[in-house]
Structures are given as structure tokens and as C-alpha cells.
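Student: Below is one structure. I have some questions about it.
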Amino acid sequence: MIDLFSRAGRLEEARNFINKMPFSPDAIGWSTLLSSCRFYGNMDIGKWAAEFLMELDPHNTASYVLLSSVYAAKGKWEEVARLRKGMRDKGLRKEPGCSWIKYKNQVHVFSADDKSNPFSDQIYSELEKLNYKMIKEGYVPDMNSVLHDVEDSEKIKMLNHHSEKLAIAFGLLFIPPGLPIRIVKNLRVCGDCHNATKYISKVTQREILVRDTARFHLFKDGMCSCGDFW
1 MIDLFSRAGR LEEARNFINK MPFSPDAIGW STLLSSCRFY GNMDIGKWAA
51 EFLMELDPHN TASYVLLSSV YAAKGKWEEV ARLRKGMRDK GLRKEPGCSW
101 IKYKNQVHVF SADDKSNPFS DQIYSELEKL NYKMIKEGYV PDMNSVLHDV
151 EDSEKIKMLN HHSEKLAIAF GLLFIPPGLP IRIVKNLRVC GDCHNATKYI
201 SKVTQREILV RDTARFHLFK DGMCSCGDFW
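Each residue of the sequence shown is one higher than the one before, starting from 1 at the first, in full-length UniProt numbering.
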């Protein structure tokens, strides 16, 4: 029921349902509600859910990152800074994001702004072409996915070079047409990369399978199998 209410955006009903439950939800239930609060921009219930989630699993940085994205979407940068300080005080560090793709029995690993791959020039050139095509189709970068209070131009640059986008560009260059592009990411896919990958699947007519810490995402013809909830 928590999942159903959350997906439908009925977040207050989800909270009321939880309050009437004879037992507290597990971490998955709280994470589902918190993810929906990020999606629908509900800061009040998001904070409430995050507090319970942090109490259940105090060493999991994902709850801090999700709540930070809720605050960032509302421009509450002082709250984002407070959360980061709280993480530092507890000795918690967000795991650096990386994505990998297998090609010809070799695994290629990418991190944000990575230029270590021998095909980096081709990869970044492919990304520029993709961005042009996506924008023509209506893609707008999600600035709220950048949890830093910087200029929009810098945010766009940061978003363009996320690890999963680099891995996807590599796949488009080297995985033969007709075969799916398979990516694995060690963290949850951010909102902008999720939206961008939908557009990439549309403009390239390629199937893209991304496995993150939340679920499998199958992108095809501008849609994702998760229904935009993860």
C-alpha cells in the first residue's frame, strides 16, 4: 500500500497509512516514500520519512542523498549543507559513483568527468551529438539533480559528464545496432540521467538496460520499465 500511495503521489495518505500500521515499515518502505517525495517535491513528508530511515539504517548514505535532492529542488541549500555536515560528523562518505559496461570480454569502468578511457575523445564527441538531438526532442537538464549551489552552466556541464552517460555513449559507439546496451551502476541513477536515458533510447532507437542499486531499468522508445519510480 505504501508503494501504491507513493507512486500515485498520494503522499499524505501514505503517511496516514503508516501511522495506522501496527508496526513500522522496513527500510524499503521508507525509501519508497522518500523517493516519491523527491519526485513530487514534498519536503515535509520527505524529511519525516528520512528521519525514520536514518534511524533504521544510520550508515546508509542513500537516505542523506535522497533528502538532499528534496531540499535542493526547493533551493534549501542551507539544509543541504547541514546534511553534509551531519554526514561528515558521523564519518559517513558518499561512495563515488561509477558505471561499467562490458565489451569484447573487457569491462570498461567510468566515473564522472572520466577521461581515462582510450576512447574518451570519441565518447565526449558522441555525448555532444546526443545532447543536441535530445534537446531538439524536448530534453531539459534537471538542475535539481546537482546537489551543489553553483551556476546553471556549471550544473549542465556536471550533468553531461555523469558516469552512466559516459558508459552509454561508449555503448552506442561500440555495441552493434540491434543489441541492447547493458550498464551497471554502483549507486542509484539520478533523476537527470534517468530522464536523459529515456531520450537517448528514443533518438537512437536503442534498448538500454541499466542496473542500479534500486532496480533494473529497461529504456526503450523514450520510456522506462520502472514507470519513473525507483
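All C-beta atoms, glycine included, are put in the ideal place defined by N, C-alpha and C.
Do residue 144 and residue 72 have their C-beta atoms closer together than 7 Å?
Tutor: In this structure, residue 72 lies closer than 7 Å to residue 144 by Cβ.
Student: Any contact of the stretch 205-220 with the stretch 120-132, i.e. 3+ C-beta pairs under 8 Å?
Tutor: Contact fails: fewer than three Cβ-Cβ distances are below 8 Å.
Student: May I ask which residues mark the beginning and end of the beta strand (DSSP E) holding residue 24?
Tutor: It is not in any beta strand (DSSP E) - residue 24 carries neither H nor E in the DSSP assignment.
Student: What is the DSSP secondary structure of residue 175, counted as helix, strand or coil?
Tutor: Coil.
Student: According to the neighbour-count rule (16 or more other Cβ atoms, all chains shown, within 10 Å of its Cβ), is residue 217 buried or exposed?
Tutor: Per the 10 Å Cβ criterion, buried.
Student: Span of the alpha helix (DSSP H) holding residue 90?
Tutor: Unbroken run through residue 90: none, as it is neither H nor E.
Student: If you draw a straight line from the C-alpha of residue 98 to the C-alpha of residue 163, how long is it?
Tutor: Residue 98 and residue 163: Cα-Cα distance of roughly 6 Å.
Student: Do residue 117 and the ligand ATP come close, with the Cβ less than 6 Å from some heavy atom?
Tutor: Absence of the ligand ATP from the depicted structure is noted, as is the absence of any ligand whatsoever, leaving it without description.
Student: Could you check what DSSP says for residue 124 in three-state terms: helix, strand or coil?
Tutor: It is helical.
Student: Any contact of the stretch 162-176 with the stretch 82-101, i.e. 3+ C-beta pairs under 8 Å?
Tutor: At 8 Å Cβ cutoff, the stretches touch.
Student: Buried or exposed: which applies to residue 110, given that a residue is buried once 16 or more other Cβ atoms fall within 10 Å of its Cβ?
Tutor: Buried, because 16 or more other Cβ atoms sit within 10 Å of the Cβ of residue 110.
Student: Please classify residue 2 as buried or exposed, where buried requires at least 16 other C-beta atoms within 10 Å of its C-beta.
Tutor: Under this definition residue 2 is a buried residue.
Student: Measuring only the C-alpha atoms, how far is residue 112 from residue 66?
Tutor: Distance between the alpha carbons of residue 112 and residue 66 is about 19 Å.
Student: Please work out which residues of its chain come closer than 7 Å, Cβ to Cβ, to residue 30, disregarding the five sequence neighbours upstream and downstream, and give them in chain order.
Tutor: Once the five neighbours on either side are set aside, the close Cβ partners of residue 30 are 49, 52, 53 and 56.
Student: Rounded to the nearest angstrom, how far is the Cβ of residue 14 from that of residue 24, given a contact under 8 Å?
Tutor: That belief does not hold up - the Cβ atoms of residue 14 and residue 24 are roughly 14 Å apart, past 8 Å.
Student: The beta strand (DSSP E) spanning residue 111 covers which residue range?
Tutor: Unbroken beta strand (DSSP E) run through residue 111: 106-111.
Student: Does residue 59 pass the burial test, meaning 16 or more other C-beta atoms within 10 Å, or should it be called exposed?
Tutor: Classification of residue 59: exposed, given that the 10 Å Cβ count is below 16.
Student: When you compare only the Cα positions, how much space is there between residue 228 and residue 36?
Tutor: Their backbone Cα atoms lie some 10 Å apart in a straight line.
Student: Which residues in the same chain as residue 184 place their Cβ atom closer than 6 Å to its Cβ, once the five residues preceding and following it in sequence are excluded?
Tutor: Cβ within range, chain order: 100 and 211.
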